[in-house]
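Peer 1:
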Amino acid sequence: MNEQLWTTFKTVAEVGTLSQASRSLNLSQSAVTQHIQQLEQYYHSSLFVRTSQGVHLTPAGEVLYRYVNDLLRMAHESRDAVIRTHNARPQRFTIGASFTIAEYILPEILPTYCRVHPDSDVSVMMSNSRAVYEHVLHKECDVGLIESTLQHPQITVQPFFSDCLQVIVGKNHPWFNRQHVELNEFMAEPLLIREPGSGTRSALEDALKVVNVDVQQLNIRLVLSTTQAIKSMIKEGFGVSVLSPLVIAPEEQHIFRQVTIKGLSILRNFSIIAHSDTLPSLINPFVHLVLESSSRINSRLY
1 MNEQLWTTFK TVAEVGTLSQ ASRSLNLSQS AVTQHIQQLE QYYHSSLFVR TSQGVHLTPA
61 GEVLYRYVND LLRMAHESRD AVIRTHNARP QRFTIGASFT IAEYILPEIL PTYCRVHPDS
121 DVSVMMSNSR AVYEHVLHKE CDVGLIESTL QHPQITVQPF FSDCLQVIVG KNHPWFNRQH
181 VELNEFMAEP LLIREPGSGT RSALEDALKV VNVDVQQLNI RLVLSTTQAI KSMIKEGFGV
241 SVLSPLVIAP EEQHIFRQVT IKGLSILRNF SIIAHSDTLP SLINPFVHLV LESSSRINSR
301 LY
């Protein structure tokens, strides 16, 4: 039985509404409903009565609720017992990370993690956010760091950093000494853009939808799969791009300039994702370091 189902059941029973439970669990309401339906199918019983005021436990639900804390405790204890059997040998730990996070955030985190956990066999799989998400879903990575909002009932999501994308131009570009440009100027300018599935591209597409603009209406000059490739092209005067301020190092401030688009906010959350079956004792030390790093990154940028 998936432990996440019991957690969802317990939360719904205690808060009394599916909407509040979905917010507490950081899941969509449809995912919460699906969890409850799976439990009801497993136990062959209705567990909740749905009313206009919310949900209430049925007699069968009351019985399950009396056991759910013990079920969760035993699940945690059994996982900890299993992981302890592996403590005597090097532990493999695979991190999936989007290109931006792997290149500009992980270098601040991994040295500390490796010093504190010298026996860990750490590897990093770099890809775009959609691919990292799929790796975690199929248990090819222990933990993932992505730049977009993706949901699945078997994936836990924990945001750790809010990013505000900007237009990046090179030092020979006419916009280099400007702070803002109009949306129509941006739409006409030759654009270097990330590939579909990239968190950077998804954030731009979502922001454009708010102002009723489709990404295909932009003057896309090249589609490139890495931030570094885009920066190299910008440096050579081959268009502009929309990127995170993270990608501009202090020593590059004289080469690149950040410009905002009037009336367009391009926001996104970086998130830690893991499969619900992943052992907390395996990923928690790394997650703690990621959360600690977010405040340092934020103070450096803003």
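1 is the number of the first residue of the sequence shown in the UniProt record's numbering; add one for each residue after it. Ideal Cβ positions, reconstructed from N, Cα and C, are used throughout, including at glycine.
Only counting runs of 4 or more residues, tell me where the alpha helix (DSSP H) segments fall wholly within the stretch 104-138, in order along the chain.
Peer 2: 106-116 and 129-137
Peer 1: According to DSSP, what are the bridge partners of aspartate 163?
Peer 2: Translated into positions along the sequence shown, residue 163 becomes position 163. According to DSSP, aspartate 163 shares a beta bridge with Arg268.
Peer 1: Looking only at its own chain, which residues have a Cβ that is under 6 Å from the Cβ of leucine 34, when we skip the five neighbours before and after it?
Peer 2: One-based indexing of the sequence shown puts residue 34 at position 34. One point to set straight first is that residue 34 is glutamine, not leucine, in the sequence displayed. Cβ within range, chain order: Pro153.
Peer 1: Tell me which same chain residues have a C-beta within less than 8 Å of the C-beta of leucine 282, skipping the five on either side of it?
Peer 2: Looking up residue 282 in the sequence shown gives position 282. Hits under 8 Å: Ile83, Gln91, Phe93 and Asp142.
Peer 1: Rounded to whole angstroms, what is the Cα-Cα separation between arginine 79 and threonine 278?
Peer 2: Your numbering for residue 79 matches position 79 in the sequence shown. Your numbering for residue 278 matches position 278 in the sequence shown. Arginine 79 and threonine 278 have their alpha carbons spaced roughly 9 Å apart.
Peer 1: Where serine 276 and aspartate 214 are concerned, what is the direct C-alpha to C-alpha distance, given to the nearest angstrom?
Peer 2: In the sequence shown, residue 276 corresponds to position 276, counting from 1. In the sequence shown, residue 214 corresponds to position 214, counting from 1. One C-alpha to the other measures close to 35 Å.
Peer 1: What three-state label does DSSP hand histidine 13 in the structure shown?
Peer 2: For the purposes of this step, residue 13 is taken as residue 13 along the sequence shown, with counting starting at 1. One point to set straight first is that residue 13 is alanine, not histidine, in the sequence displayed. Of the three classes helix, strand and coil, the one that applies to alanine 13 here is helix, per DSSP.
Peer 1: On the three-pair Cβ rule with 8 Å, is the stretch 248-256 touching the stretch 123-132?
Peer 2: Segments in contact, no.
Peer 1: Where does lysine 231 land, buried or exposed, given buried means 16+ other C-beta within 10 angstroms?
Peer 2: Stepping through the sequence shown from its first residue, residue 231 is reached at position 231. The residue is buried, with at least 16 neighbouring Cβ atoms inside 10 Å.
Peer 1: Along the chain, where does the beta strand (DSSP E) that runs through leucine 145 open and close?
Peer 2: Position 145 of the sequence shown, counted from the start, is the residue given in the question as residue 145. Segment 143-146, the beta strand (DSSP E) holding leucine 145.
Peer 1: Look up alanine 97 in the DSSP assignment and say whether it is helix, strand or coil.
Peer 2: Numbered from 1 along the sequence shown, position 97 holds the residue referred to as residue 97. Reduced to three states, the DSSP call for alanine 97 is strand.
Peer 1: Spatial neighbours of serine 28 within its chain, please: CB distance less than 8 Å, with the 5 preceding and 5 following residues excluded, ordered by chain position.
Peer 2: For this step, residue 28 is matched to residue 28 along the sequence shown. Contacts found: Ser22 and Gln151.
Peer 1: Around the C-beta of phenylalanine 176, are 16 or more other C-beta atoms found within 10 angstroms, so that it is buried, or is it exposed?
Peer 2: Here residue 176 refers to the residue found at position 176 when the sequence shown is read from its first residue. Exposed is the label assigned to phenylalanine 176, since fewer than 16 other Cβ atoms lie within 10 Å of its Cβ.
Peer 1: Would you mind listing the beta strand (DSSP E) stretches within the UniProt domain "HTH lysR-type" (1-58) that are 3+ residues and don't spill past its ends, in chain order?
Peer 2: Assignment of beta strand (DSSP E) within the UniProt domain "HTH lysR-type" (1-58), counting only whole runs of 3 or more residues, yields 48-51 and 54-57 in chain order.
Peer 1: For threonine 260, which of Val240, Arg194 and Ile273 has the nearest alpha-carbon?
Peer 2: Here the question's residue 260 lines up with position 260 in the sequence shown. Among Val240, Arg194 and Ile273, the Cα nearest to that of threonine 260 belongs to Val240.
Peer 1: Quick one: what's got a C-beta closer than 6 Å to serine 198's C-beta in the same chain, skipping five residues either side?
Peer 2: Here the question's residue 198 lines up with position 198 in the sequence shown. Answer for serine 198: Asn128, listed in chain order.
Peer 1: Could you check what DSSP says for alanine 75 in three-state terms: helix, strand or coil?
Peer 2: In the sequence shown, counting from the first residue as 1, residue 75 sits at position 75. Three-state result, alanine 75: helix.
Peer 1: Pair every Cβ in the stretch 216-224 with every Cβ in the stretch 186-197, then say whether three or more of these pairs are closer than 8 Å.
Peer 2: Between the stretch 216-224 and the stretch 186-197, the count of C-beta pairs closer than 8 Å reaches three or more; the two stretches touch.
Peer 1: How many angstroms separate the CA atom of glutamate 3 from the CA atom of alanine 75?
Peer 2: In the sequence shown, counting from the first residue as 1, residue 3 sits at position 3. In the sequence shown, counting from the first residue as 1, residue 75 sits at position 75. Looking at the two C-alpha atoms, the distance is approximately 7 Å.
Peer 1: From the DSSP output, in three-state form, read off residue 303 for me.
Peer 2: Any answer about residue 303 is impossible in this case: the structure gives the chain only from 1 up to 302.
Peer 1: Please check the pair leucine 71 and glycine 61, which I expect to be a contact at CB under 8 Å, by giving their CB distance rounded to whole angstroms.
Peer 2: Within the sequence shown, numbered from 1, the residue matching residue 71 stands at position 71. Within the sequence shown, numbered from 1, the residue matching residue 61 stands at position 61. Contact flag wrong, Cβ pair sits at about 14 Å.
Peer 1: Taking the alpha carbon of glutamate 182 as the point to measure from, which residue in Asn172, Val167 and His173 has its own alpha carbon closest?
Peer 2: Counting from one through the sequence shown, the residue named residue 182 turns up at place 182. Checking every option, the nearest Cα to that of glutamate 182 belongs to Val167.
Peer 1: With isoleucine 234 as the anchor, note down where its alpha helix (DSSP H) starts and where it stops.
Peer 2: Here residue 234 refers to the residue found at position 234 of the sequence shown. That run of the alpha helix (DSSP H) goes 227-235.
Peer 1: Just tell me which of Leu267, Pro280 and Met126 has its CA closest to the CA of valine 210.
Peer 2: For the purposes of this step, residue 210 is taken as the residue at position 210 of the sequence shown. Taking only the C-alpha atoms, the option nearest valine 210 is Leu267.
Peer 1: Find the nearest neighbour of threonine 226 within the set Pro196, Ala207, Glu236 and Glu205, judged by alpha-carbon distance.
Peer 2: Within the sequence shown, numbered from 1, the residue matching residue 226 stands at position 226. Among Pro196, Ala207, Glu236 and Glu205, the Cα nearest to that of threonine 226 belongs to Pro196.
Peer 1: Could you tell me the alpha carbon to alpha carbon distance between leucine 39 and serine 45, rounded to whole angstroms?
Peer 2: As a first step, residue 39 must be located in the sequence shown, where it is residue number 39. As a first step, residue 45 must be located in the sequence shown, where it is residue number 45. When rounded, the distance between both Cα atoms is 8 Å.
Peer 1: Suppose contacts are defined by Cβ-Cβ distances below 8 Å. Is glycine 96 in contact with valine 122 by that definition?
Peer 2: Your numbering for residue 96 matches position 96 in the sequence shown. Your numbering for residue 122 matches position 122 in the sequence shown. No.
Peer 1: Can you give, in chain order, each stretch of the beta strand (DSSP E) that sits fully within the stretch 234-264 and has at least 3 residues?
Peer 2: Taking only runs of at least 3 residues, the beta strand (DSSP E) segments lying wholly in the stretch 234-264 are 240-243 and 256-261.
Peer 1: Does DSSP put threonine 149 in a helix, a strand or coil?
Peer 2: As a working mapping, residue 149 is identified with position 149 in the sequence shown. The answer is coil: DSSP assigns threonine 149 none of H, G, I, E or B.
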